[in-house]
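Quick notes on the structure that follows.
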Amino acid sequence: MADQQVLGSLTSIDIQRLLELLPHRYPFLMIDRIVEINGDSSAVGIKNVSANEPQFQGHFPGRPVLPGVLILEAMAQTAGAICIEANDGQRPPGVIYLTSIHSAKFRRPVVPGDTLRIRVTKVRQKMNLWKFRAEAEVEGVVVAEAEISAVMSESLTGT
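Under the numbering used here, the first residue of the sequence shown is numbered 2, with each subsequent residue one higher.
Now the structure itself:
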């Protein structure tokens, strides 16, 4: 775990470790790092929103707004990374699949130049099914929230 920084009982995960934990790659890797991780119970992920991201060409020309579904994906990736890391960081047996989204709310637009701070907290885990409460903030203001569920699978094919 040379690429993690221990902060008391919390650790952080840099982009290199995220690439080891998650199957996502550009342009669909939605988090840049995890600045706090407390086992599998909670984490804080960071997404730096940049004007050169491909979604801004069409959403919306002249008035770029980060699509809400990508904010939800950033929440799911933050949760997924801590699930896999809590499994001793082993890629097999775990790939995380998003299974449900509940109570999603979008409170204000997220635009280039914003830094999303994504807080996920485990609500419960039963075997390979996980449920998290997630909030995304920009400068301390909640911009989105949701409850997300995910399942850890044996492989990328879902088996």
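A virtual CB, placed ideally from N, CA and C, is assigned to each residue, including glycine.
Assignment of beta-bridge partners to A135 by DSSP yields V121, A147. Nearest neighbour of I35 by Cα position, chosen from P28, Y27, L22, turns out to be L22. L19 is classed as buried because its beta carbon has at least 16 other beta carbons within 10 Å across all chains shown.
For G63, DSSP assigns no beta-bridge partner whatsoever.
By the Cβ-count criterion, K48 is buried, with 16 or more other Cβ atoms from all chains shown falling within 10 Å of its own Cβ. By the neighbour-count criterion, in which a residue is buried when 16 or more other Cβ atoms sit within 10 angstroms of its Cβ, G114 is exposed.
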